[in-house]
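Enquirer: Residue numbers (my numbering): 11 to 435.
Built from N, CA and C at the ideal position, the CB exists for glycine as well.
Before I ask anything, let me first share the structure, which is written out below as structure tokens.
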């Protein structure tokens with residue numbers, strides 16, 4: 011145990027002082043601060059803009075209020091098919107100046123529309139017994155909103171027609187009304203949990219790759235510089251392996267703890283309480299103590315699984331240049347597992363067999379579990395089965411990796427295949 015702690019302390023101290031750790035931590039914290047500041051800045055901007063608009067409107071004189079706007083919509087209804095159509099359009103489009111026009115001006119207006127996006131024409135003609143509405147804009151990306159024109163004029167036409175037939179205003183208003191409503195969700199998924207869940211999946215993969223690579227690089231560097239020969243004299247290879255994996259794992263937990271604490275502080279201090287994202291509040295309701303602890307557990311187990319394999323990759327090379335090729339099999343497994351988890355949580359339903367398999371499979375469960383814990387009610391049985399399977403595979407992989415590591419850590423020259431290393435021990 012003392013040997014493991016010695017290697018652990020040495021690995022942790024050496025890694026925490028490296029520029030890569032410091033720079034990456036600073037960049038991530040700065041990005042979090044900027045993202046959390048955006049809602050407050052946008053809210054303040056909106057308030058200032060609203061106050062400015064209110065002040066400007068209250069200071070306007072009667073002449074200023076009747077001043078024409080830059081956008082002009084011409085209304086052509088020679089037969090008066092839609093009574094009050096002109097007034098309805100003025101109410102529906104307060105940022106447009108709506109003018110009445112005649113048929114003799116239509117050709118000239120169409121020529122102006124070809125030249126400007128700020129001119130539009132609404133023409134009313136007869137199609138059988140009903141009015142036919144034609145909206146003329148320069149192109150489909152500019153001009154006046156056709157859907158709003160059709161809805162506004164259709165409503166006023168139906169209203170006036172029913173009124174002329176003796177139907178009361180109350181009945182007409184009721185017939186044209188829209189029932190109020192809202193959207194509620196009974197499950198645990200919300201927008202904040204969805205975004206944070208995906209972010210945690212990304213961060214877990216980043217941690218597995220970054221810190222697993224750190225273990226490989228540390229082992230390979232010490233081996234190529236012959237420092238490993240000194241370490242082996244004072245500690246068994248298996249103790250060195252566990253100490254290094256624990257040291258890099260502790261470094262990962264340190265960085266993640268800094269990120270989460272800083273993010274929570276920014277959330278409390280910078281994001282307004284009434285801020286809505288996509289019409290929904292930004293909350294951390296999904297982050298219970300149980301959820302947070304389970305996320306940490308799966309992060310540790312997932313890191314342990316891949317770190318052991320990465321350490322063997324680092325020990326199997328004699329030159330740093332060969333490290334990437336040696337790590338390729340482990341990287342392929344980790345990337346395939348990540349994408350399997352990522353696409354299953356986006357495409358498959360929560361109760362599908364695909365998500366069940368991904369949830370139980372030890373290589374994929376560390377990636378999908380943070381998302382599942384934040385966005386669905388994961389059964390305790392599923393969590394226990396997933397952890398047991400993950401622990402069982404870690405024990406098996408660790409036993410094999412210790413044997414391979416012990417056989418390869420002092421081997422120099424041509425890199426041996428894993429099958430040869432296993433026989434060599």
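If we require 3 or more residues per run, which beta strand (DSSP E) segments fall completely within the region 99-145?
Expert: Complete beta strand (DSSP E) runs here, min 3: 106-110 and 129-137.
Enquirer: Within its chain, find whatever has a CB closer than 7 Å to the CB of residue 209; leave out the 5 residues flanking it on each side and keep chain order.
Expert: Within the same chain, residue 209 has no close Cβ partners at all.
Enquirer: Starting from residue 91 and walking both ways along the alpha helix (DSSP H), at which residues does that stretch end?
Expert: Where residue 91 is concerned, there is no enclosing alpha helix (DSSP H), given that its DSSP letter is neither H nor E.
Enquirer: Alpha carbon to alpha carbon, how far is residue 318 from residue 408? Give it in angstroms, no decimals.
Expert: Going from the Cα of residue 408 to the Cα of residue 318 covers about 6 Å.
Enquirer: When you compare each of 136, 116 and 140 to residue 129 by their alpha carbons, which one comes out closest?
Expert: Residue 116 is the option with its Cα nearest to residue 129.
Enquirer: Use the C-beta contact count for residue 133: other C-beta atoms within 10 angstroms, 16 or more gives buried, fewer gives exposed.
Expert: Looking at its Cβ environment, which holds 16 or more other Cβ atoms inside 10 Å, residue 133 is buried.
Enquirer: Assign residue 94 to buried or exposed, taking buried as 16 or more other Cβ atoms, counted over all protein chains shown, within 10 Å of its Cβ.
Expert: Counting Cβ neighbours within 10 Å, residue 94 comes out exposed, since fewer than 16 surround it.
Enquirer: Would you grab the beta carbon distance between residue 96 and residue 108 for me? Rounded to a whole angstrom, and I think it's under 8 Å.
Expert: Correct: roughly 6 Å between the Cβ atoms.
Enquirer: Answer yes if the region 300-319 comes into contact with the region 273-283, meaning at least three C-beta pairs across the two stretches below 8 Å, and no otherwise.
Expert: The answer is no - the region 300-319 does not touch the region 273-283, with fewer than three Cβ pairs under 8 Å.
Enquirer: Can you list, in chain order, the residues of its chain with a C-beta nearer than 7 Å to that of residue 87? Leave out the 5 residues immediately preceding and following it.
Expert: So the list reads 95 and 134, once near-sequence residues are dropped.
Enquirer: Rounded to the nearest angstrom, what separates residue 7 and residue 364 at their Cα positions?
Expert: Outside the modelled stretch of the chain, which goes from 11 to 435, sits residue 7, for which no answer is possible.
Enquirer: Examine the Cβ distances between the region 371-382 and the region 342-352 and report whether three or more of them are shorter than 8 Å.
Expert: Yes, since at least three Cβ pairs between the region 371-382 and the region 342-352 fall closer than 8 Å, the two stretches touch.
Enquirer: Buried or exposed for residue 175, please, with buried defined as at least 16 other CB atoms from any protein chain shown within 10 angstroms of its CB.
Expert: With fewer than 16 other Cβ atoms within 10 Å, it is exposed.
Enquirer: Inspect the beta-carbon positions of residue 308 and residue 379 and report whether they are closer than 7 Å.
Expert: It is a contact, given that the beta carbons lie within the stated cut-off.
Enquirer: Which whole-angstrom value is the C-beta distance of residue 84 and residue 119, which I expect to be below 8 Å?
Expert: Confirmed, Cβ separation roughly 5 Å.
Enquirer: Out of 219, 254, 170 and 280, which has the shortest C-alpha to C-alpha gap to residue 47?
Expert: Of the candidates 219, 254, 170 and 280, the one whose C-alpha sits nearest the C-alpha of residue 47 is 280.
Enquirer: Within the region 205-281, note down every full alpha helix (DSSP H) run reaching 4 residues or more, in order along the chain.
Expert: Segments of the alpha helix (DSSP H) lying fully in the region 205-281: 237-244 and 247-280.
Enquirer: What is the DSSP secondary structure of residue 82, reduced to helix, strand or coil?
Expert: Correct three-state label for residue 82: strand.
Enquirer: Per DSSP, what kind of secondary structure is residue 38 in: helix, strand or coil?
Expert: Three-state DSSP puts residue 38 in a helix.
Enquirer: Whose C-beta lies closer than 7 Å to the C-beta of residue 35 among residues of the same chain, with five residues either side of it excluded?
Expert: The answer, listed in chain order, is 265 and 268.
Enquirer: Could you check which residue in 225, 404 and 381 has the C-alpha nearest to that of residue 322?
Expert: Residue 225 is the option with its Cα nearest to residue 322.
Enquirer: Candidates 205, 220 and 185: which alpha carbon is nearest residue 45's?
Expert: It is 205.
Enquirer: Helix, strand or coil: which one does DSSP assign to residue 27?
Expert: Here residue 27 sits in coil by DSSP.
Enquirer: Where residue 394 and residue 357 are concerned, what is the direct C-alpha to C-alpha distance, given to the nearest angstrom?
Expert: Cα-Cα distance, rounded: 25 Å.
Enquirer: State yes or no: is the C-beta of residue 333 within less than 7 Å of the C-beta of residue 340?
Expert: Contact flag unset, no.
Enquirer: Using a Cβ cut-off of 7 Å (strictly closer), state whether residue 49 contacts chain C.
Expert: Here chain C cannot be found, since the structure has a single protein chain.
Enquirer: By a C-beta neighbour count over all protein chains shown, 10 Å radius and 16 as the cutoff for buried, is residue 405 buried or exposed?
Expert: Burial call: exposed.
Enquirer: Does residue 338 pass the burial test, meaning 16 or more other C-beta atoms within 10 Å, or should it be called exposed?
Expert: Exposed: under 16 other Cβ atoms inside 10 Å.
Enquirer: Looking at the ligand GTP, does it come within less than 6 Å of residue 83, judged from the CB to the closest heavy atom?
Expert: This structure does not include the ligand GTP; it has no bound ligands of any sort.
Enquirer: For residue 400, does the count of other Cβ atoms within 10 angstroms reach 16, so buried, or fall short, so exposed?
Expert: So residue 400 ends up on the buried side.
Enquirer: Tell me whether the beta-carbon of residue 25 lies closer than 7 Å to the beta-carbon of residue 261.
Expert: Closer than 7 Å, so yes.
Enquirer: What do you reckon, are the CB atoms on residue 257 and residue 21 nearer than 7 Å?
Expert: Yes. Within cutoff.
Enquirer: Span of the alpha helix (DSSP H) holding residue 168?
Expert: Element bounds for residue 168: 156-174.
Enquirer: Are the CB atoms of residue 182 and residue 146 nearer to each other than 7 Å?
Expert: Not closer than 7 Å, so no.
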